[in-house]
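Trainee: Pasting a structure here, questions to come.
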Amino acid sequence: MGWARWIKTILAGGSVVGLGVSCFIFTTPTDEELIAKLSPELRQQYYDERERRRMVSQWAVGEARKTAASSNPIWMTGEIPSGLVRGEDGQGRRVSPAEAEAVQRELAQDPDAARAYAEGLQYAPPSLIKQKDSWAAKQHMEKQRAIEEEKQRLRVLAEKESKA
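For the working numbering, count along the sequence shown from 1 and bump the result up by 38.
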């Protein structure tokens with residue numbers, strides 16, 4: 039009688055787990071299905087930012103590999119700087135008001151450094167910042183081209199209406 043109860047318990051538990059896994063597999067949409075449901079603007083933005091996300095991910099993996107290759111314990115090598123915590127310098131140390139003022143003056147004179155600081159990239163390697171800047175310039179050029187194409191389309195449409 040004791041073994042029958044164990045078998046029932048194992049079968050019931052296995053069926054619950056199996057049902058949960060099968061529901062997850064068959065009801066969770068794939069990435070392609072999710073992207074297909076996005077609006078055209080968001081889909082284009084997703085595809086445009088894919089390269090930037092890949093570069094940032096590669097940079098983070100490189101930093102993790104450097105940390106792993108170090109002979110120091112992890113608490114000695116420090117964290118990956120984010121620069122997102124207000125009042126901290128991205129290294130986890132508090133910044134004095136005088137230092138903060140000096141940084142503000144420096145950033146006021148260099149717009150590129152100010153943008154990097156605002157985006158948390160002030161400690162990122164220059165190659166990553168250069169890649170990000172080239173990506174942003176490409177985005178800007180594509181937007182300008184789209185605006186010019188739309189203006190041209192509207193001009194042609196206005197000419198057709200004025201002739202009619």
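Idealized CB from N, CA, C, for every residue including glycine.
With a threshold of 16 other CB atoms inside 10 Å of the CB of K176, please say whether the residue is buried or exposed.
Mentor: Taking the first residue of the sequence shown as position 1, residue 176 is located at position 138. Under this definition K176 is an exposed residue.
Trainee: Can you tell me where the alpha helix (DSSP H) holding P78 begins and where it ends?
Mentor: Residue numbering aside, residue 78 sits at position 40 when the sequence shown is read from its first letter. Counting along the chain, the alpha helix (DSSP H) containing P78 begins and ends at 78–107.
Trainee: Is there contact here, the segment 55–71 with the segment 139–154, by at least three beta-carbon pairs under 8 Å?
Mentor: No: the two stretches stay apart, fewer than three of their Cβ pairs being nearer than 8 Å.
Trainee: Of the choices V94, L49, G52, E79, whose alpha-carbon is the least far from that of K168?
Mentor: Start at 1 with the first residue of the sequence shown, and residue 168 comes out as number 130. Nearest option by C-alpha distance: V94.
Trainee: Report back the beta-carbon spacing between K170 and R92 to the nearest angstrom; my notes put them in contact at under 8 Å.
Mentor: Residue numbering aside, residue 170 sits at position 132 when the sequence shown is read from its first letter. Residue numbering aside, residue 92 sits at position 54 when the sequence shown is read from its first letter. Not quite, the Cβ-Cβ distance comes to about 12 Å (not below 8 Å), so this is no contact.
Trainee: According to DSSP, is D148 helix, strand or coil?
Mentor: What you label residue 148 is simply residue 110 of the sequence shown in a count that begins at 1. Here D148 sits in coil by DSSP.
Trainee: For I73 and E180, I'd like the C-alpha separation in whole angstroms.
Mentor: The residue you call residue 73 lines up with position 35 of the sequence shown. The residue you call residue 180 lines up with position 142 of the sequence shown. Computed Cα separation, rounded: 21 Å.
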